[in-house]
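**Q** So that we are looking at the same thing, I have put the structure below in C-alpha cells.
Protein chains in written order, with my numbering: chain A, 1 to 249; chain B, 1001 to 1418; chain C, 2001 to 2380; chain D, 3001 to 3308.
Here it is, written out as C-alpha cells:
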C-alpha cells in the first residue's frame, strides 16, 4: 500500500481494546481512501461492530490511534467525532418513533446543536429544503409527515441513513444496512449507497456476500479482532486464510 | 389591625394587666351562670354558639408519623368533653366537637386551624402536639383571634395570648430533676443525649446551664436524627465516659431501639450506675419499648398514671371505661385532658365565650379536680404545677418517688438559660 | 409578526386549553371560593410548579428526579430567610439577647447573623437566589451525574438520598435554619402584611401569574427543537449522541430548568402559607410531586397543573371527610394511574373527550372567541 | 480525644465499636438482600420493601402474643416459629402483589417505583387500622437477653450475635439458591434474556413471581429480626428505604457479593464516624460519602465492565 498517510481519510493503527482481559479488537490497522466503499466482513464475534464503536467513540480504545482527516479521534467526545464528520448507523434501526419523518431528519440537521442553539433554532426554508432533498434520496418523500413508528423495517433503515446524510458527514459507517430487508429493498439500498458514495466515504459491515459484491470497492475480512485479509472481493474470496476461517469450522 | 401586637415582653406586661382588668370586670357575669344566658349575650363575636350548644375543635394528627403520639391526646380531650357535657355543659351549653386531621403535616395544621376558626367559628381548639405544628398554627390563631389549648411538654421560648400551654415548659421539667439528681443521687457527671430537633436541644441547653451552675460536669452531648435506630456507637461512648447520669430526650421510635440496645449492651438501669433520667418517655412510649427494657430508668414529668390521689383514680377509671382496659395514660394525655376543663372554667368565670374575655379570665384559673392535683394558670398562660420523678417498673408503669413540695412556676423565657 | 403568531396560536386548540385554564384560575376560582379556599388552591398550585418541571424532566426527557422537594425547599427557604429577616427587625426582637437576628438564632445562642444570611436583607438578591440556588445545586448534581451517564433508576435513588441528606442537615443545623420547626412567623414583605385575606388573594394572583410564565416557558421549550431533542433522547439516547449532540448538556439544562420551576413554587409556597419547614424538602413531598405529575399525565404541562389541583383537593377532601381513609385513597390513586392510565388525566382526555370535542368544533370555537380575558398576556 | 484513657480501655472500645459496626452491617445485609434480588435481578424498584419488613415484624409480634397467652412455657422458642411465619406471610403477599401489579410493569421500571409507593401507603394504613397507630414491642425471650462479658468493658449482646448469624445464614442461603440451584439458573436466564429463556421452556411468569415473592419473604424475615432491636409501627418501614436502596446501588445492583461488601463499607464508615462525630453529622457524612462515590463510580463498587 503506497499512498502516504495524508491521502487517507481514515487511518486506524495498532487499535486494541480489551474488556476485562478479553481483546475484542487486537492490534488492528485499517486505511480508507476518500470516496471509497469499504466493507468489513467476518464471522460473528470477529470484532466488526466493536471497530465501528471505537471509531465513533462509543467504546474507548485501550491502545492505538484513529486518525480522521488528520485529527486524532481516540481522545475526542462522541459528539465531537460526529461534528468532525463521522456518521454512524446502528445495527438495529434506531430512529425516534414518536416523531414524524420530517422531525427525525430535522433533529439530525447539523444546526442548533447546543442547548441555546436548539432553543433558538428556526425551521427556515433552508432546513425544509435540506430535509426534502434527503427525503427524496431515501425514498420517503411521501411519508414525510407520518410518525416514524408507522414505517416498515426497510424504511426505518433508510430513514436512519437519511438522518446521517443530512449531517453531511465525510465518513459514513453503516452496520448491516440491509439486514431484514426484502430483495427489492436490498436493490434499492445498494442503489442508495452508490448515490451516497459520490460525495462520501463509506464503511459498511455486512454479511450478505451478494450485496457486498454489489457495492464494495475493497473488502476487509476480520477474525478474532484482527485483519485476516484485505483487497477486492475476488481477492479475499480466494484467500486460503479466509476460506479456512469460513469453511474450516 | 388588632393582631399585630408585638410578640414580646413589652406586650407581656401590658396584656396581662389588661387581662386582669378584664377578669375583674367579668366577675358580675358569674352571677348569671345559673340561668341559661342568651347566645347573643355570651357570644358577641359570631362564634358557633347557640342557645344549647357550643362548637369546639380538636386538631391532632390521625394519620402520618405523629398519629402514634397524638392518639392519647384526642382520647383525653374527647373524654373531658363528654364528661363536661354529662355534667351540664359549659354555660348550660353542650359542647360539640369538630375533629380535624393535621396529618402530621404542618401546613395542614395551619390550614385546618384556619378552617376551624374561619369556617366553623369554633370557640376553642384543643390540639397540636409537636412544636412545629404549634409554630405553624400560631400565626393563624393570632390573626383570627382563636384559643388553642396545647398539651405537650415543650421547649418554652414562646408565649401567646391565644394559647394556653397545659404541659410543662422546659424549666419545670429539667431544673427540678437535675436538682434532685445532684442532691439525692449525688450525681456529678452527665451525658446529654437527644433526638435532633429543637425540643431536646433547647432542653439540653437549659440542663447544661443548670449543671454548670451547680458546679457539675457535662461529659458528652449528642443528637441523632429522628427515627434513628442504631445507638451502639453512643452506648460505647457512654461506657467510655462513665457518666453518673444519662440525661435522655430521645423521642418516638428511636426510643425503642435505644433502650433495647442499652439493655443488650449490658447497661443495667436498675443498678443506677449510670442512672438514666428521661424527659421524653411517658407510659405511652413504654408500651412500645417494653417495660423490661426501661426498668429502673427515672423520668421527670408532672403526671404519672400511678399517682394515688382520688382525682387521678377517678380519671384513670373513667379513661379505661371509655377507651378500653389495656390503655395507658401518659403525661401529655393528662395535660390534654386538662384543656377542656380549663377552658370551661375560664368561660364560666368570664361568663362569655368571647375570646377576649376568656383570655382575660384565664390567668388565675385553678383546677382542683386535675388528675395531677392542683393546677393554676399563670399570667404567662402556662400552668403552675408540681414536678415529679418516677421510676419505671417492669409492668410499664412509673413508681412516683419524688414530687416538689411547691408548685413550680412556669418560666418560658428563663433568664440566663437561653 | 410575533404578536400575530401569538394570536394564531391562541385560536388553535392548544391555545383554547390555555385560555380555559386561565379562565378557571383567574375568574372561576376567585369568584367561587372564599379567601380561605382560594388560599388553599394557591398552595396546591405551588406544587404545580414542581410538577411542570417534572413534565419536562421526567415525561419529556425520561429523567426521573425523586428530589424535586430539594429545589422546592431551597426556593422556599430563600424566600423565608428574607421574610424572617424583615420580621426580625431590632424593634420586634428587642427582648432577645441579640436583637435584630431571627428568634431561633437567639435561642441557639448565636450572637450574630451568619454570613450566608446577610445577603437576604436584599429583596432583589432574594429573587435571584430563589432561582439561582436551586439551579446551582441542580447544576452540580446534574454535571456530576450526567457527564458520567448515570441515569434512570440510579439517578432517582441518588436524588432521593440527597433529599434525605438535606433534610437531616436542615434539622440538625437549627441555629442557622430554624431546625425541624422551620422558619415560622413570617409577617411582611417590604412592609406589606402578607397575612391578611387581601394579601393572600393578591398573592394567589401573583402565583397564578408566575405559573403561567413557567407554563409558557415550558411550552416554548417543548415546542422548540430542544423539546424534540429531549424526546428523541428519551427514546434513543445513543442516536442523539451520534447525531452530534452533547446529550449531557441537554439533560443538565432541563434538570436545572425543572429545579428553577420548583424553586419558584417553593418561594410562592412560603409567601402564601407563611412558613417553610424541612418537611417539604424530604422524600415524601418529593415523591408526591412525581405523583401529581403522573396523575396529570407525565407528558402534558397542562395535565401537571390539573394533576396538582385534583390530587391535592382530593387529599384535602379525603382527610376532611374520611380522615382514617385518605391514605387508602391516595394509594389506590397511585396504583390506578400507573397500571391503568399511564398517561394520566391528559391521556384519558385525549382518548375519551377529544373525539367528542371534534364533533362540536363550532361550539368550541365560539366559546373561545367570546372568552374576553387574555390572562396569558397579563402573565407575561 | 484519646489522651484520657488507658490502653486497655481504648482496646476494648475499639473492639466494641468494631462489633457495633458489625451489627449495623448485619442489619444492612438483612435489609438489602431482599431488595438486591428484586431490584438487582428483576429491575423492579420496590418502594414498599420497608412495609414488607414491617409486615414481618407485625407477624412476629402476633406470634409472640399467641405464645405468651397460649403456651408461655414455650416462649423461648417463639422467635423461630415467628420467623418462618413472617417469611410465609410476606412471601404470600409478595406473590399476590406481583400477580396483581408488578407483572404488568416489567417494561416500565420507573413506574414500579410509583405503584409500589402507592402500595406502601395502603399497607401503612392497613397496619394502622389493624394494629393501631401506637408502636408495639416484642419482649425477647430470656435466652436472648443480656450479653457475654468478654472483659470488664467488652460485652457482646446476645441478640446482636443472633442477628449477625442469622443474616449471614440468610445471605448464604440466598447465594446457594441464586447461584447453585437450578431455580437460580432459571432466574438468571430470565433476567438476561427473557425471550430466549421462554424459548427453552422456562415459565418466566412463574420465575418472576417466585423471585419477587422471595425478595419480599426475605424482607419479612428481616422485619422479624428487627423486633429485637427496633420498634414496630405503621410507618417504621419508611425509615429504612433510603438506606436500603443506597446499600444495593452502592454495591452494584447486579451483584449479591457487591451488596454484602457495600453493606460492610457503609456500616463501618457510619459507625466509625458516629464515634468521632455527633450522630446526625455522622449520618449526613455517610450519606454524602456514598453519594459522592456513586457519582464517581456510578456502576457501583462491584459491577463488571461489560461491552454493551
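Note that beta-carbon positions come from the ideal geometry of N, C-alpha and C, so glycine has one too.
(1) Counting only beta-carbon separations shorter than 7 Å, does residue 172 (chain A) have a partner in chain C?
(2) Considering only DSSP beta bridges, list what residue 3157 (chain D) is partnered with.
(3) Between the beta-carbon of residue 1193 (chain B) and the beta-carbon of residue 1187 (chain B), is there less than 7 Å?
(4) So what does residue 16 (chain A) bridge to, in DSSP terms?
(5) How far does the alpha helix (DSSP H) with residue 1210 (chain B) in it reach, from first residue to last?
(6) List, from N- to C-terminal side, the alpha helix (DSSP H) runs of 4 residues or more that fit wholly inside the region 2158 to 2184 of chain C.
(7) Applying the criterion that 16 or more other CB atoms from any shown protein chain within 10 Å of the CB defines a buried residue, is residue 3025 (chain D) buried or exposed?
(8) Measuring straight from C-alpha to C-alpha, what distance separates residue 228 (chain A) and residue 186 (chain A)?
(9) Among C:2214, C:2096, C:2272, C:2144, which one has its Cα closest to the Cα of residue 2193 (chain C)?
(10) Answer with buried or exposed for residue 2344 (chain C), where buried requires no fewer than 16 other C-beta atoms within 10 angstroms of its C-beta.
(11) So the candidates are D:3172, D:3210, D:3175, D:3174; which of them puts its Cα closest to the Cα of residue 2972 (chain D)?
(12) According to DSSP, which residues form a beta bridge with residue 231 (chain A)?
(13) What does residue 3115 (chain D) reach in chain C if we use C-beta pairs closer than 8 Å?
(14) Can you tell me the Cβ-Cβ gap for residue 3154 (chain D) and residue 3023 (chain D), rounded? I've got them flagged as a contact below 8 Å.
(15) Nearest CA to the CA of residue 179 (chain A): which residue from A:163, A:207, A:240, A:159?
(16) Any idea if residue 2109 (chain C) is buried or exposed, counting beta-carbon neighbours within 10 angstroms, 16 or more meaning buried?
(17) Please confirm whether residue 1396 (chain B) and residue 1291 (chain B) have their CB atoms less than 7 Å apart.
(18) What residues in the region 2063 to 2092 of chain C have a beta carbon less than 9 Å from any beta carbon of chain D?
(19) Within a Cβ cutoff of 8 Å, which residues of the same chain sit near residue 2103 (chain C), ignoring the five residues on either side of it in sequence?
(20) Please list the terminal residues of the continuous beta strand (DSSP E) segment that includes residue 1096 (chain B).
(21) Roughly how many angstroms separate the alpha carbons of residue 244 (chain A) and residue 236 (chain A), rounded to a whole number?
(22) Report yes or no: do three or more beta-carbon pairs, one from the region 2109 to 2121 of chain C and one from the region 2143 to 2153 of chain C, lie closer than 8 Å?
(23) Comparing C-alpha positions only, which one of A:190, A:195, A:61 sits nearest to residue 215 (chain A)?
(24) Can you tell me which residues form a DSSP beta bridge with residue 1165 (chain B)?
(25) Output the distance between the C-alpha atoms of residue 2139 (chain C) and residue 2252 (chain C), rounded to the nearest integer angstrom.
(26) Would you call residue 2373 (chain C) buried or exposed, if buried means 16 or more other Cβ atoms sit within 10 Å of its Cβ?
(27) Measure the CB-CB distance between residue 2071 (chain C) and residue 2262 (chain C) and report whether it falls below 7 Å.
(28) What's the C-alpha gap between residue 1029 (chain B) and residue 1361 (chain B)?
(29) For the pair the region 1263 to 1278 of chain B and the region 1230 to 1248 of chain B, tell me if three or more CB-CB distances fall below 8 Å.
(30) How would you label residue 3107 (chain D), buried or exposed, when you count the other beta carbons within 10 angstroms and need 16 or more for buried?
(31) What is the C-beta distance between residue 101 (chain A) and residue 144 (chain A), in whole angstroms, given that I count them as a contact (C-beta under 8 Å)?
(32) Give me the subset of the region 3149 to 3176 of chain D whose CB atoms are less than 8 Å from a CB atom of chain B, sorted by chain position.
(33) Rounded to the nearest angstrom, what separates residue 3031 (chain D) and residue 3159 (chain D) at their Cα positions?
(34) Pull the bridge partners of residue 226 (chain A) from the DSSP assignment, please.
(35) Pull up the distance between the alpha-carbon of residue 3266 (chain D) and that of residue 3284 (chain D), whole angstroms please.
(36) Can you tell me where the alpha helix (DSSP H) holding residue 153 (chain A) begins and where it ends?
**A** Concretely, from the data shown:
(1) As a position in the first chain, residue 172 (chain A) is number 172, starting the count at 1. Chain C, which has no Cβ nearer than 7 Å to the Cβ of residue 172 (chain A), makes this no.
(2) Looking up residue 3157 (chain D) in the fourth chain gives position 157. Residue 3157 (chain D) pairs with D:3147.
(3) Within the second chain, residue 1193 (chain B) is the residue found at index 193, counting from 1. Within the second chain, residue 1187 (chain B) is the residue found at index 187, counting from 1. Contact flag unset, no.
(4) By 1-based counting over the first chain, the position of residue 16 (chain A) is 16. Partner(s): A:63.
(5) Along the second chain, read from residue 1 onward, the residue named residue 1210 (chain B) stands at position 210. Per DSSP, the continuous alpha helix (DSSP H) segment holding residue 1210 (chain B) begins and ends at 1198 to 1213.
(6) If only complete runs of 4 or more residues are kept, the region 2158 to 2184 of chain C shows the alpha helix (DSSP H) at 2174 to 2177, in order along the chain.
(7) One-based indexing of the fourth chain puts residue 3025 (chain D) at position 25. Buried is the label assigned to residue 3025 (chain D), since at least 16 other Cβ atoms lie within 10 Å of its Cβ.
(8) Sequence index remark: in the first chain, residue 228 (chain A) carries index 228 (1-based). Sequence index remark: in the first chain, residue 186 (chain A) carries index 186 (1-based). The C-alpha of residue 228 (chain A) lies about 27 Å from the C-alpha of residue 186 (chain A).
(9) Indexing the third chain from 1 puts residue 2193 (chain C) at position 193. Of the listed residues, the one whose Cα sits closest to residue 2193 (chain C) is C:2272.
(10) Start at 1 with the first residue of the third chain, and residue 2344 (chain C) comes out as number 344. By the neighbour-count definition (other C-beta atoms within 10 Å, threshold 16), residue 2344 (chain C) is a buried residue.
(11) Because chain D here runs from 3001 to 3308, residue 2972 (chain D) falls outside it and cannot be looked at.
(12) Reading the first chain from its first residue, position 231 is the one you call residue 231 (chain A). A:219, per the DSSP bridge assignment.
(13) As a working mapping, residue 3115 (chain D) is identified with position 115 in the fourth chain. Within chain C, the residues near residue 3115 (chain D) are 2334, 2335, 2338, 2339.
(14) Taking the first residue of the fourth chain as 1, we reach residue 3154 (chain D) at position 154. Taking the first residue of the fourth chain as 1, we reach residue 3023 (chain D) at position 23. Actually they do not touch by this definition, with Cβ atoms about 14 Å apart.
(15) Indexing the first chain from 1 puts residue 179 (chain A) at position 179. Nearest of A:163, A:207, A:240, A:159 to residue 179 (chain A), Cα basis: A:207.
(16) In the third chain, the residue the question calls residue 2109 (chain C) occupies position 109. Residue 2109 (chain C) is exposed by the Cβ-count criterion.
(17) Mapped onto the second chain, residue 1396 (chain B) falls at position 396. Mapped onto the second chain, residue 1291 (chain B) falls at position 291. Yes, the pair counts as a contact, with Cβ atoms nearer than the cut-off.
(18) Residues passing the 9 Å Cβ filter: 2064, 2066.
(19) Residue mapping note: residue 2103 (chain C) aligns to position 103 of the third chain, counting from 1. The beta carbon of residue 2103 (chain C) sits closer than 8 Å to those of 2088, 2093, 2096, 2185, all from its chain and outside the five residues before and after it, given in chain order.
(20) Position 96 of the second chain holds residue 1096 (chain B). Unbroken beta strand (DSSP E) run through residue 1096 (chain B): 1094 to 1101.
(21) The residue you call residue 244 (chain A) lines up with position 244 of the first chain. The residue you call residue 236 (chain A) lines up with position 236 of the first chain. Approximately 12 Å between the Cα atoms of the pair.
(22) No, they do not touch.
(23) As a first step, residue 215 (chain A) must be located in the first chain, where it is residue number 215. Closest option to residue 215 (chain A), judged by alpha-carbon separation, among A:190, A:195, A:61: A:190.
(24) Within the second chain, the letter at position 165 stands for residue 1165 (chain B). In the DSSP assignment, residue 1165 (chain B) forms a beta bridge with B:1150, B:1382.
(25) For the purposes of this step, residue 2139 (chain C) is taken as residue 139 along the third chain, with counting starting at 1. For the purposes of this step, residue 2252 (chain C) is taken as residue 252 along the third chain, with counting starting at 1. Counting only the Cα atoms, residue 2252 (chain C) lies some 6 Å from residue 2139 (chain C).
(26) Mapped onto the third chain, residue 2373 (chain C) falls at position 373. Because the pLDDT of residue 2373 (chain C) is 38, which lies under 50, any placement of that residue in the model is unreliable, and the number read from its coordinates should be weighed accordingly. Exposed: under 16 other Cβ atoms inside 10 Å.
(27) The sequence position of residue 2071 (chain C) within the third chain is 71, counting from 1. The sequence position of residue 2262 (chain C) within the third chain is 262, counting from 1. Contact check for residue 2071 (chain C) against residue 2262 (chain C) passes: the beta carbons are separated by less than 7 Å.
(28) As a first step, residue 1029 (chain B) is located in the second chain; it is residue number 29 there, counting from the start. As a first step, residue 1361 (chain B) is located in the second chain; it is residue number 361 there, counting from the start. Interpretation of residue 1029 (chain B) is limited by its pLDDT of 44, a score under 50 that renders its predicted location unreliable; no figure is taken from the coordinates.
(29) Three or more beta-carbon pairs drawn from the region 1263 to 1278 of chain B and the region 1230 to 1248 of chain B are found closer than 8 Å, and the two stretches are therefore classed as touching.
(30) Translated into the one-based positions of the fourth chain, residue 3107 (chain D) becomes position 107. Counting Cβ neighbours within 10 Å, residue 3107 (chain D) comes out exposed, since fewer than 16 surround it.
(31) On the first chain, position 101 is the one that residue 101 (chain A) refers to. On the first chain, position 144 is the one that residue 144 (chain A) refers to. About 5 Å; that satisfies the 8 Å criterion.
(32) Listed by position, the residues of the region 3149 to 3176 of chain D near chain B (Cβ gap below 8 Å) are 3149, 3153, 3155, 3157, 3158, 3159, 3160.
(33) The residue you call residue 3031 (chain D) lines up with position 31 of the fourth chain. The residue you call residue 3159 (chain D) lines up with position 159 of the fourth chain. Whole-angstrom Cα-Cα distance: 17 Å.
(34) Counted from its first residue, the first chain places residue 226 (chain A) at position 226. Paired residues: A:223.
(35) What you label residue 3266 (chain D) is simply residue 266 of the fourth chain in a count that begins at 1. What you label residue 3284 (chain D) is simply residue 284 of the fourth chain in a count that begins at 1. The alpha-carbon atoms of residue 3266 (chain D) and residue 3284 (chain D) are separated by roughly 12 Å.
(36) For the purposes of this step, residue 153 (chain A) is identified with residue 153 of the first chain, where counting begins at 1. Unbroken alpha helix (DSSP H) run through residue 153 (chain A): 153 to 165.
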